[in-house]
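If you read the sequence shown in this note's numbering, its first letter stands for residue 1, the second for the next number, and so on.
Beta carbons: idealized from backbone N, C-alpha and C, even for Gly.
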Amino acid sequence: MRDLFGTFTADLIILASWSRSNGCIHMAMESTGVYWTHLYNIFDHSRGRLLVVNVQHIEAVPGKADSHDASSIANLLQHGLLNGSFVQSREQSELKELVGYRKSQCQIS
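See below:
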């Protein structure tokens with residue numbers, strides 16, 4: 001599945017649509033990098049649940065193999081062995097970005 005969907009917004013929208021049309025209501029993914037944030041924002045949370053999992057938590061669970069990340073994560077999710085990470089609301093994220101920008105502009109040289 002790794003090569004079926006791209007990482008551009010249009011590709012992620014297709015992925016979200018594909019998952020809904022195939023009856024997928026629960027998804028899990030590692031919170032590495034920034035890729036997860038875009039999918040998290042696009043996935044329709046009213047129709048399902050996207051669990052963002054800390055990488056260290058996944059690696060601590062027996063049975064996860066790096067060579068088969070997606071299937072290992074899906075298997076752990078099916079058995080209820082994953083806990084979701086805290087994900088800021090869109091409003092919290094926007095406020096954090098705004099405060100960070102303001103701080104950068106108010107620095108005294």
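Q.
Pairs of beta-carbons, one from the stretch 2-13 and one from the stretch 22-30, closer than 8 Å: are there three or more?
A. no
Q: Give every residue of the same chain whose Cβ lies closer than 7 Å to the Cβ of Y35, excluding the five residues on either side of it in the sequence, and list them in chain order.
A: Counting from 1 along the sequence shown, the entry for residue 35 is found at position 35. Closer than 7 Å at the Cβ level, and outside the excluded window around Y35, lie T7.
Q: With a 10 Å radius around its C-beta and 16 neighbouring C-beta atoms as the bar for buried, classify F86 as buried or exposed.
A: Looking up residue 86 in the sequence shown gives position 86. It counts as exposed.
Q. DSSP on V55, reduced to helix/strand/coil?
A. Numbered from 1 along the sequence shown, position 55 holds the residue referred to as residue 55. Note: V55 maps to helix in three-state DSSP.
Q: Take every Cβ of the stretch 49-62, pair it with every Cβ of the stretch 72-82, and state whether three or more of those distances are shorter than 8 Å.
A: yes
Q) Where do the ends of the alpha helix (DSSP H) carrying H26 lie? A) Stepping through the sequence shown from its first residue, residue 26 is reached at position 26. No alpha helix (DSSP H) holds H26; the beta strand (DSSP E) holding it covers H26 to E30.
Q) Taking just the CA atoms, how far does T32 sit from L12? A) By one-based count along the sequence shown, residue 12 stands at place 12. By one-based count along the sequence shown, residue 32 stands at place 32. Straight-line Cα distance between these residues: approximately 17 Å.
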